[in-house]
Ligand code: EPU
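Residue numbers (my numbering): 37 to 384.
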């Protein structure tokens, strides 16, 4: 295993930010990972785990050992007439796993087609798109504790999944390296085309809802409005969609009658029989667009022309420039709507 010194991380983050890592190692197996974690040279040095680098914004050089997780392999570990349990190495590209499932007609993750990043990063923020979240097919993951190099299995409940949330963004943050993820996929899938854009896209394609067509529809929708990180640096949605209570929502609705909103279904305080406790998720992209930021360029950065929620690097932006833009956008949204929008991307 080679440990590189002072390596530029530009090719390793989809924002394309040029910072350097003090030490950098590609890790291809659990054995290599355990070797490096128990190496006395690196014992006291902080570690940063990098997968696809698609949900991170670097604002400074990384004075740490960056471990680039490349542990691969997709295998069926169990199956019956209805389900197949698939374990994937954390270093697989998420979309390669989706394409494997689509090719074999295993249902459950087709709506999550084309999400950038690695399989190991998927549970960190419970990736979600077009009406589906990872947690719906997630069974368990295996992880290595960075300090002790011990292996631990986290079952679904232990991961504490929420909207773009998991234990790995909170109490377990920076403590574990995910090495594999196991999903339960369906051989007799129930399709989820409830997200309006999918139905429309299927009609445009003149196609029936099935695993392959839904995947293709999602790819078409994403390609239509999300910038390709290979061409223009970005990390997908920069902010999470905020949640407001019924009272706040009614106030906003009276001021802005066209305001879009989703039923949340994931507020711990939500009581379905009590309308006053209803929570409403608002699309941050809409709020940002209403403040005039959509398509606006500020120096090397900006809010994307087709999806205001995505902040982009037009070339040589620094992490600080992107953070400065994010702060201005947060302030505008706060002033206009009295709503806080919080970053979804991990800022380092
Ligand atoms: N909208 C605007 N202006 C914009 C963007 C969106 O008015 O510039 C409005 C749309 O018209 C629509 C609503 O906002 O009424 C929702 O837009 P969209 O369907 O694009 O979804 P989103 O809520 O903005 C979320 C996820 C995306 C995911 C899509 C589709 C978050 C933070 N983002 O975006 O995830 O692809 O739904 O399910 O939840 C990501 O996490 O990186 C990501 C791209």
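Just so you know, even glycine gets a beta-carbon here, dropped at the ideal spot from N, CA and C.
- Contact check for residue 348 and residue 263: beta-carbon distance about 6 Å, within the 8 Å limit, so the pair qualifies.
- For residue 252, the closest alpha carbon among the candidates 278, 288, 151 is that of 151.
- In this chain, the alpha helix (DSSP H) harbouring residue 282 covers 282–291.
- Rounded to whole angstroms, the Cβ separation of residue 99 and residue 126 is 24 Å, and the two are not in contact under 8 Å.
- Note that the region 217–237 touches the region 134–154; at least 3 beta-carbon pairs, one per stretch, sit closer than 8 Å.
- The beta carbons of residue 93 and residue 271 sit about 6 Å from each other, so the pair counts as a contact at 8 Å.
- Burial of residue 202 is indicated by the presence of at least 16 other C-beta atoms within 10 angstroms of its C-beta.
- Under DSSP, residue 298 forms a beta bridge with 317.
- When the beta-carbon positions are compared, residue 106 and residue 64 come within less than 8 Å of each other.
- Just so you know, the alpha carbons of residue 344 and residue 62 end up roughly 34 Å apart.
- Per the C-alpha coordinates, the member of 341, 370, 298 positioned closest to residue 166 is 298.
- The three-state secondary structure of residue 373, taken from DSSP, is helix.
- Closest by C-alpha distance to residue 87, out of 156, 160, 231, is 156.
- DSSP, read as helix, strand or coil, puts residue 204 in helix.
- Burial is judged here by how many other beta carbons sit within 10 angstroms of a residue's own beta carbon; residue 286 has fewer than 16 and is exposed.
- In this structure, DSSP gives residue 58 an extended state, which the three-state scheme calls strand.
- Every unbroken stretch of the beta strand (DSSP E) spanning 3 or more residues and falling wholly within the region 155–193 is given here in chain order: 174–181, 187–191.
- In the structure shown, residue 136 adopts helical secondary structure according to DSSP, grouped into three states.
- Residue 66 places its beta carbon 8 Å or farther from that of residue 234.
- Straight through space, the alpha carbons of residue 259 and residue 89 are spaced by roughly 19 Å.
- At the C-beta level, residue 123 and residue 162 stay beyond 8 Å of one another.
- Residue 95 sits in coil when the DSSP states are folded into three classes, being neither helix nor strand.
- Closest in C-alpha terms to residue 365, from the list 181, 50, 320, comes 320.
- In the structure shown, residue 148 adopts helical secondary structure according to DSSP, grouped into three states.
- A Cβ-Cβ contact shorter than 8 Å links residue 204 with residue 159.
- Sequence-distant partners of residue 322 (beyond 5 residues in either direction) whose C-beta falls short of 6 Å from its own C-beta, in its chain, are 296.
- For the set 328, 104, 38, the Cα lying nearest the Cα of residue 45 is the one of 104.
- Sequence-distant Cβ neighbours of residue 351 in its own chain, meaning closer than 7 Å and more than five residues away, are 336.
- With a beta-carbon spacing of about 10 Å, residue 218 and residue 112 fall beyond the 8 Å limit used to define contacts.
- Around the C-beta of residue 81, fewer than 16 other C-beta atoms lie within 10 Å, and the residue is accordingly described as exposed.
- Its chain contains 185 as the residues whose beta carbon lies nearer than 6 Å to that of residue 73, once the 5 sequence neighbours on both sides are disregarded; these appear in chain order.
- A buried status is given to residue 280, since no fewer than 16 other beta-carbon atoms sit within 10 Å of its beta-carbon.
- Closest in alpha carbon position to residue 229, among 147, 51, 48, is 147.
- Taken atom to atom, the span from the alpha-carbon of residue 369 to that of residue 327 is near 7 Å.
- When beta bridges are read from the DSSP output, residue 49 appears opposite no residue.
- Per DSSP, reduced to three states, the secondary structure at residue 247 is helical.
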